[in-house]
Amino acid sequence: MKIFLPVLFALCTAMCWGMYGPTIGNAQSKSWSPFKPYVFIGIAYVVLAIIGGLIAMRLKGDTFSYSGEHFAPAKWGFLAGCLGALGALFLTSAMMTSKGNALLVMPIVFGGAVSVTALYSTWRLWGHTQISPALWGGIAMVVVGVIVVATNTPHGHAAAKPSPTVSHENAAAEGNESPSAEAAGETSPAADSNS
1 MKIFLPVLFA
11 LCTAMCWGMY
21 GPTIGNAQSK
31 SWSPFKPYVF
41 IGIAYVVLAI
51 IGGLIAMRLK
61 GDTFSYSGEH
71 FAPAKWGFLA
81 GCLGALGALF
91 LTSAMMTSKG
101 NALLVMPIVF
111 GGAVSVTALY
121 STWRLWGHTQ
131 ISPALWGGIA
141 MVVVGVIVVA
151 TNTPHGHAAA
161 KPSPTVSHEN
171 AAAEGNESPS
181 AEAAGETSPA
191 ADSNS
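According to full-length UniProt numbering, the sequence shown is numbered sequentially starting from 1.
Below, the structure written as structure tokens:
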């Protein structure tokens with residue numbers, strides 16, 4: 001049970017963030033910049049993070065004080081929120097500039113995020129623990145995996161080109177230009193039988 005909940009929450013995060021790219025791709029248009037949908041991403045953060053966080057704190061019986069020894073969650077929470085908001089801005093910009101190509105952007109984001117986390121942890125523990133060479137092999141495999149996933153994910157068919165429209169005037173003109181069967185010297189089978 002101790003390992004189940006973290007894995008469950010991690011899978012829920014992957015599902016939500018995995019759908020973030022395709023969802024924000026629906027907000028793209030040449031009529032506006034990436035900042036227009038980003039404003040409502042911020043509103044969603046306000047509703048879910050601030051209001052939801054305060055409700056959850058109340059349910060857990062937590063204190064609403066952020067002074068003294070409680071300043072650490074304010075400091076690190078704000079920094080993490082800034083990184084999350086910047087990540088959302090960059091991801092939104094990537095989706096807009098790639099014309100909503102989540103199949104290209106999302107593998108890079110999540111493969112890169114795993115590698116950045118590993119490299120940051122390695123940097124923090126450098127000299128205090130032995131780094132396995134398998135880590136570098138794993139990071140290389142992530143890069144290869146990103147390329148394989150991005151290039152082999154099924155893509156939708158391109159939109160069909162509209163067939164050229166024929167106006168009534170053009171159709172009439174084409175009908176007048178084409179020779180009739182009689183003018184071409186052809187006779188119908190009924191005419192042949194009568195002759």
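Yeah, the Cβ is synthetic: ideal placement off N, Cα and C, and Gly gets one too.
Residue nearest to T151 within the set L8, N101, G25 and W17 is N101 (criterion: CA-CA distance).
Secondary structure of T23 (DSSP, three-state): helix. When secondary structure is reduced to three states using DSSP, W123 falls in the helix class.
Within the segment 16–75, the alpha helix (DSSP H) runs of at least 4 residues that lie entirely inside it are, in chain order, 35–45 and 52–60.
Counting only the Cα atoms, G145 lies some 21 Å from C12. Per DSSP, I139 is one residue of the alpha helix (DSSP H) stretching across P133 to N152. Under DSSP, T129 takes part in a beta bridge, and its partners are W126. Non-local C-beta neighbours of V114 in its own chain, meaning closer than 8 Å and more than five positions away in sequence, comprise V142, ordered along the chain. Secondary structure of I3 (DSSP, three-state): coil. Residue burial is scored here from C-beta neighbours: M96 has at least 16 other C-beta atoms within 10 angstroms and is therefore classed as buried. L91 and F35 have their C-alpha atoms spaced approximately 11 Å apart. Rounded to whole angstroms, the Cβ separation of L89 and Y38 is 6 Å, and the two are in contact under 8 Å. Cα atoms of S121 and A134: separation of roughly 15 Å, rounded to the nearest angstrom. For G100, the three-state secondary structure derived from DSSP is coil. Of H128, G138 and N26, the smallest CA-CA separation from V116 is found for G138.
Distance from Y66 to A74 at the Cβ level is roughly 4 Å; contact confirmed, criterion being Cβ atoms closer than 8 Å. With respect to the C-alpha of G81, the residue from P154, G61, I50 and Q28 having the closest C-alpha is I50.
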